[in-house]
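Q: One structure coming up, written as C-alpha cells, with questions to follow.
2 protein chains.
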Amino acid sequence: MSVRRESNTEARGSSARARGLTHRHPSQVPLQDALDAVADPVRRTILRELAGQPDWTRACGTFDLPVSKATRSHHFAVLRAAGLIEQRDEGPRRFNRLRRAEFDRAFPGLLALVLAERA
Amino acid sequence: MSVRRESNTEARGSSARARGLTHRHPSQVPLQDALDAVADPVRRTILRELAGQPDWTRACGTFDLPVSKATRSHHFAVLRAAGLIEQRDEGPRRFNRLRRAEFDRAFPGLLALVLAERA
Chain A
930 MSVRRESNTE
940 ARGSSARARG
950 LTHRHPSQVP
960 LQDALDAVAD
970 PVRRTILREL
980 AGQPDWTRAC
990 GTFDLPVSKA
1000 TRSHHFAVLR
1010 AAGLIEQRDE
1020 GPRRFNRLRR
1030 AEFDRAFPGL
1040 LALVLAERA
Chain B
930 MSVRRESNTE
940 ARGSSARARG
950 LTHRHPSQVP
960 LQDALDAVAD
970 PVRRTILREL
980 AGQPDWTRAC
990 GTFDLPVSKA
1000 TRSHHFAVLR
1010 AAGLIEQRDE
1020 GPRRFNRLRR
1030 AEFDRAFPGL
1040 LALVLAERA
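So the sequence lines, in the order shown, correspond to chains A and B. Numbering follows the working numbering, in which position 77 of the first sequence is assigned residue number 1006; successive positions increment by one, without gaps. Numbering follows the working numbering, in which position 41 of the second sequence is assigned residue number 970; successive positions increment by one, without gaps.
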C-alpha cells in the first residue's frame, strides 16, 4: 500500500508538537543513539523509503514493514529520538520528514551509508 | 596497564594467519556488520585507543576494559570480522592494527565518527 498526499502542514505541525510529539535535534543526539537507530534493518528501510520521496508525503501507516503495529510505532519513535526524522500528526495520520541535512551535519557520512545500502 | 612493543611481525603474521586467524576485508563486510561492530561502546573504546598509537604496538591484553577476558576476546573477534582491525599472534600475545584507510574506503565517515567521539 502506498498512500501519498500533498499537504501544507505548517500550522498543524505546531499543534501536533503541542500535543506531545517530542523531537530532538541531531546536534543533541549522542553517537550511541545515532548508531543504535541505524543498526536496525527495518529502520534503515524506513529511512531509504523516506529519502526517495518529498518531505511530509509519507504517513507511518503507508510503509510496508514486516512488523506489528506496536513495533512499527517503536521504530518511528527511535528514529525521531535519534534526530533522523521529524513527524507531524494530521488527523489520524502521522506524517514524516527525513532530517537529512541536519543529521548529516551532526554525523557526516552516516546517513549516506544507510541510503546507499542495497536493501 | 599499558604494554607497548615495537615489533617486526611480517613473517610471524603469515604464520598467525595460517594458524587460523581469519580476517575479512572491509570491502566484503555488510553494512549491518559494520554498524553492529561500532554500536558497542567497549568496541569504540578499543578503536579509539588503537587509533592513537602505531600499528602493531598494542596487544589485546593491554586494553583496560570493564569486561571479562572472554567478552574481551569476543569484542576483538567482532572488530576483526567487521574489517576494522587486523590481528597477529606473537607467542602468547595477539597484536592489533586498525584498518583505518581500507575501512574508510568501504564505509566513508563511519570510523571518523567513532574516533571523534568523546569517551
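Positions of the beta carbon are idealized from the N, C-alpha and C atoms, including for glycine.
(1) Under 8 Å Cβ-Cβ, which residues of chain B neighbour Q961 (chain A)?
(2) Just reading off the alpha helix (DSSP H) that D962 (chain A) is part of, what are its end residues?
(3) With a threshold of 7 Å on Cβ separation, who are the neighbours of V958 (chain B) within its own chain once the five nearest residues in sequence on each side are excluded?
(4) Please state the DSSP three-state secondary structure of F1005 (chain A).
(5) Taking the straight line between their C-alpha atoms, what separation do you get for A999 (chain B) and A963 (chain A)?
(6) Is DSSP giving A940 (chain A) helix, strand or coil here?
(7) Evaluate V996 (chain B) with the Cβ neighbour count: other Cβ atoms within 10 Å of its Cβ, from every protein chain shown; 16 or more gives buried, anything less gives exposed.
(8) Which of the residues in the segment 1020 to 1031 of chain A, read from start to end, lie with their CB under 7 Å from any CB of chain B?
(9) Kindly say whether E978 (chain B), judged by its beta-carbon, lies nearer than 8 Å to any beta-carbon of chain A.
(10) Determine the chain A residues that contact D984 (chain B) at a beta-carbon separation under 8 Å, and present them in chain order.
(11) Residues of chain A with CB under 8 Å from P1037 (chain B), in chain order?
(12) Within the same chain, show all residues whose beta-carbon is closer than 8 Å to that of L1044 (chain A), passing over the 5 residues directly before and after it, in chain order.
(13) Could you tell me whether any Cβ in chain B is nearer than 8 Å to the Cβ of D1018 (chain A)?
(14) How far does the alpha helix (DSSP H) with R977 (chain B) in it reach, from first residue to last?
(15) Once DSSP output is grouped into helix, strand and coil, what is the label at F1032 (chain A)?
(16) Report buried or exposed for A968 (chain A), applying the criterion of at least 16 other Cβ atoms within 10 angstroms of its Cβ.
(17) From this set, B:V1007, B:L950, B:P955, B:G990, which residue's C-alpha is nearest R973 (chain B)'s C-alpha?
(18) Within 10 Å of its beta-carbon, does P955 (chain B) have 16 or more other beta-carbons around it, so buried, or fewer, so exposed?
(19) Look at the Cβ atom of E1019 (chain A), then the Cβ atom of R1028 (chain A), and state whether they are nearer than 8 Å.
(20) With a threshold of 8 Å between beta carbons, is L964 (chain A) in contact with chain B?
(21) Indicate the three-state DSSP secondary structure (helix, strand or coil) for L1039 (chain A) in the structure shown.
(22) In the DSSP output, which residue or residues are listed as bridge partners for Q1016 (chain B)?
(23) Using 8 Å for Cβ pairs, my map puts R1022 (chain A) next to A988 (chain A). What's the rounded Cβ distance?
A: So, to answer that:
(1) A968, P970
(2) 960 to 967
(3) A1011, G1012, A1035
(4) helix
(5) 28 Å
(6) Reliability of the predicted coordinates at A940 (chain A) is poor, the pLDDT of 40 falling under 50, and no value is obtained from them.
(7) exposed
(8) none
(9) no
(10) None at all; the shortest Cβ gap to chain A is about 24 Å.
(11) G1038, A1041, L1042
(12) L976, R977, A980
(13) no
(14) 970 to 980
(15) helix
(16) buried
(17) B:V1007
(18) buried
(19) no
(20) yes
(21) helix
(22) B:N1025
(23) 4 Å
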